[in-house]
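Counting in my numbering, the sequence shown runs from 41 upward without gaps. A virtual CB, placed ideally from N, CA and C, is assigned to each residue, including glycine.
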Amino acid sequence: MNHKTVDKAKAGGVNVKNLKKENIPQTGDVVCIDDPAVDPNPPKQATKFTAFVFVQDHPEQLKESTNDEKGNYKGGFTP
């Protein structure tokens, strides 16, 4: 394993020591410090957000989802 100090975080892997196997971060997890003494303004749960998503390679055609009359999503790609 390579360990080095960096000034700015970039997309890529994560290296966290002393975690139990069942607590290892998974794809899509948000990792933050949950200690008000260290970080007085931690991330909060979002009810809605907008994102630019760039798919570099996908074997099939991707289509956007749509809302039905009840506000439920229909179609679209879900991994």
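Sheet register partners of residue i (DSSP bridge)
i    : result
K114 : T106
Pairwise C-alpha distance: residue j and residue i
i    : j   : result
Q96  : T87 : 27 Å
F89  : K57 : 31 Å
F92  : A77 : 33 Å
V54  : D79 : 19 Å
S105 : P65 : 28 Å
K44  : F94 : 28 Å
Cβ neighbours of residue i in the same chain (closer than 7 Å, five flanking residues each side left out)
i    : result
D74  : P82
E100 : none
Top-ranked residue by Cα proximity to residue i, from the options
i    : options          : result
L102 : G115, D108, E109 : G115
Q85  : E100, Y113, D69  : D69
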